[in-house]
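All remarks here apply to the structure that follows.
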Amino acid sequence: MTDPQHARQHGPVRLYGPRFQQDPAALYAEIRNTYGPVAPVLLDGDVPAWFVCGYREVHQVTSDSQLFARDTRRWNMWEQVPADWPLLPYVAHNPSVMFTEGAEHQRRAGAIGDALGAFDQFELAQHSERVADTLIDAFAGRGEADLMAQYALRIPLNVIAQMFGMPESETPELVRDIAESLDTGPGAADAYLRVQKTMSKLLAAKRAMPGPDIPSYLLEHDANLTDDEIVQDLLVVTAAAQQPTANWIGNTIRLMLTDERFALTLAGGRESVGQALNEVLWHDTPTQNFIGRFATRDTQLAGMRIRTGDMLVLGLAAANADPKVRLESPDSVGNHAHMSFGHGEHGCPYPAPEVAEVMARTTVEVLLDRLPDLALAVPPDALEWHPSVWMRGLASLPVRFTPTYAPAGLG
């Protein structure tokens, strides 16, 4: 158990800046060694929070939604947060399923899970394969590509657009707007409004002519969702699917091109793709940290005094690297008990992780089948990661391969 006096002596750690960007895993280990499984940290602008980096403690916080709630309006620091705070998009309350609690959350999340579960996974794999082939066709003849910009980042939204029953002619515009809305640039707010408008228009079309798609299923669900609720939750689904799945794909390709255990099997069977996908979730999980949970009353966590309204940042990557997990389960890379999809009531609703895995597995397999001599175009240590506290993904993934001009015939 952590000694609070020890924590006060050392003071909070900045969970941002160059030190974090250079080697987040080393910082997580240092925080754990200095403070234990729960540590005082400072977010951008030196806004205080608690960093939960122990596996058991993350499990405890995510399992107790009564004590550690999701509604960000509970936060006790709102008066000290500037209007231009860069993390505001992560904590600003909106009427989506992300910030609901209790029975309301179960109603909304249950409908989303049912809608995703109703979508046939064989058909999803076919959609993913067509998207992958179309993207590969665009650069296969060049012998080189950036697999982040030209492949991984383009896959999830194109697949999701098909699951939403979007007309193919409207998909490119939606993909551009969603990508811009998820960025932190000056056009993000306007792009978000355009996406909302597009989703509202899509919902009206599905109400008039339902189809075998997620919006139609949500309209018919017995949760009796309003149109506004469906639009908000469709936006959550797209955001949750895009960057995490894209980074999962990119991180997996990187692992398979840099680790001899996987490189040796590229020309063989495809069991190694599944192993690589799972190993990435343990060691380079796309969602590193998550804001968050908010204490509903004064309590203690790992010896630290948590006050009502305090923010807890879930250190998912740090929890996966907790030495206690390694000691208790040394073969943890071979199991699925990681925290990469969260846990508890507000974890990714079933079957969202399975949907993401179908997308990731299928598109990595298609890439390796189409370009069997794929290799990095730069030394592995020259690859750069995005400087994000929240996501773990490559800025680019340059590769080379033997040019091929034969179309896949499946796009």
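Just so you know, we're using this note's numbering here: the sequence shown kicks off at -13 and counts up by one. All C-beta atoms, glycine included, are put in the ideal place defined by N, C-alpha and C.
(message) Could you give the first and the last residue of the continuous beta strand (DSSP E) run that contains phenylalanine 37?
(response) 33 to 38
(request) Consult DSSP for tryptophan 71 and reduce its assignment to one of helix, strand or coil. (result) coil
(request) Measure the C-alpha to C-alpha separation of glutamine 112 and leucine 302 and round it to an integer number of angstroms. (result) Looking at the two C-alpha atoms, the distance is approximately 31 Å.
(request) Please name the residue or residues paired with methionine 297 in a DSSP beta bridge. (result) Phe280
(request) Pull up the DSSP beta-bridge partners for phenylalanine 384, would you. (result) At residue 384 the sequence reads proline, which differs from the phenylalanine that was named. Proline 384 is bridged to Asp132.
(message) Spatial neighbours of alanine 25 within its chain, please: C-beta separation below 6 Å, excluding the five flanking residues on both sides.
(response) Ile17 and Phe37
(message) Between which two residues does the beta strand (DSSP E) holding leucine 369 run?
(response) Looking at the DSSP string, leucine 369 is not in any beta strand (DSSP E), and its letter there is neither H nor E.
(message) Give the list of continuous alpha helix (DSSP H) stretches no shorter than 4 residues that lie fully inside the stretch 144 to 226.
(response) 157 to 167, 174 to 194 and 200 to 206
(request) Quick one: residues in its chain with C-beta nearer than 6 Å to the C-beta of leucine 360, no 5 flanking neighbours on either side, listed in chain order? (result) Val385 and Phe387
(message) Let me check understanding here. Comparing Cα to Cα, which of Gln218, Gly127 and Leu1 lies closest to asparagine 275?
(response) Per the C-alpha coordinates, the member of Gln218, Gly127 and Leu1 positioned closest to asparagine 275 is Leu1.
(request) Just grab the DSSP bridge partners of phenylalanine 54 for me. (result) Ala281
(request) Identify whether glutamine 286 lies in helix, strand or coil by the three-state DSSP scheme. (result) strand
(message) How far does the beta strand (DSSP E) with alanine 25 in it extend, from its first residue to its last?
(response) Start and end: 24 to 29.
(request) Use the C-beta contact count for tyrosine 14: other C-beta atoms within 10 angstroms, 16 or more gives buried, fewer gives exposed. (result) Buried, since its Cβ has 16 or more Cβ neighbours within 10 Å.
(request) Report the residue from Asp32, Val344 and Pro72 whose alpha carbon sits nearest the alpha carbon of aspartate 106. (result) Val344
(request) Starting from the C-beta of valine 350, find all residues in its chain whose C-beta is less than 8 Å away, skip the five residues before and the five after it, and write them out in chain order. (result) Ile235, Thr238, Ile239, Met242, Val259, Ala262 and Leu263
(request) Could you say which of Glu331, Val117, Ser202 and Val364 lies nearest to methionine 84 if we only look at CA atoms? (result) Glu331
(message) Let me check understanding here. Comparing Cα to Cα, which of Ala97, Arg247, Val181 and Ile292 lies closest to isoleucine 200?
(response) Here the closest residue by C-alpha is Ala97.
(request) Identify every residue that forms a DSSP beta bridge with alanine 338. (result) Note: alanine 338 sits in no beta bridge, so no partner.
(request) Can you tell me which of the three DSSP states leucine 121 falls into? (result) In the three-state reduction of the DSSP assignment, leucine 121 falls in the helix class.
(message) By alpha-carbon positions, which one of Ser49, Asp367 and Asn233 ends up nearest to glycine 379?
(response) Asn233
(message) Is it buried or exposed, serine 318, if we count other Cβ atoms within 10 angstroms and call 16 or more buried?
(response) Model confidence at serine 318 stands at a pLDDT of 47, short of 50, so the residue's coordinates are unreliable; what they give is reported in the following sentence. Under this definition serine 318 is a buried residue.
(message) Quick check: what's the CA-CA separation for leucine -3 versus threonine 20?
(response) Note that residue -3 is glycine in the sequence shown here, rather than leucine. The alpha-carbon atoms of glycine -3 and threonine 20 are separated by roughly 10 Å.
(message) Less than 8 Å between the beta carbons of phenylalanine 398 and alanine 288, yes or no?
(response) Examination of residue 398 is not possible in this model, given that the chain is present from -13 through 397 alone.
(request) Check alanine 361 in the structure and name its three-state DSSP category. (result) Alanine 361 falls in the strand class under three-state DSSP.
(request) Starting from the N-terminal side, write out each stretch of the alpha helix (DSSP H) that is 4 residues or longer and does not extend beyond the stretch 65 to 113. (result) 74 to 77 and 88 to 104
(request) Would you kindly work out how many angstroms separate the C-alpha atoms of arginine 347 and proline 142, rounded to a whole number? (result) 12 Å
(message) Given this structure, state the Cα-to-Cα distance separating arginine 279 from methionine 195, to the nearest angstrom.
(response) 40 Å
(request) Alpha carbon to alpha carbon, how far is valine 161 from leucine 188? Give it in angstroms, no decimals. (result) If you draw a straight line from the Cα of leucine 188 to the Cα of valine 161, it comes to about 14 Å.
(request) Tell me whether methionine 377 sits in a helix, a strand or coil according to DSSP, three-state version. (result) strand
(request) Compute the distance between the beta-carbons of alanine 118 and valine 352, then report whether it is under 8 Å. (result) Their beta carbons are under 8 Å apart, which means alanine 118 touches valine 352 by this criterion.
(request) Inspect the beta-carbon positions of serine 186 and valine 223 and report whether they are closer than 8 Å. (result) no
(request) Taking 8 Å as the cut-off, decide whether the C-beta atoms of threonine 294 and asparagine 62 are in contact. (result) Threonine 294 is a Cβ neighbour of asparagine 62, given a cutoff of 8 Å.
(message) With H, G and I counted as helix, E and B as strand and the rest as coil, what does DSSP make of asparagine 62?
(response) Reduced to three states, the DSSP call for asparagine 62 is coil.
(request) Please go through the same chain and pick out, in chain order, the residues whose beta-carbon is closer than 7 Å to the beta-carbon of leucine 133, but skip the five residues on each side of it. (result) Excluding positions up to five away in sequence, the list reads Gly236, Ile239, Leu383 and Val385.
(request) Could you check the C-alpha separation between valine 341 and glutamate 109 for me, to the nearest Å? (result) 11 Å
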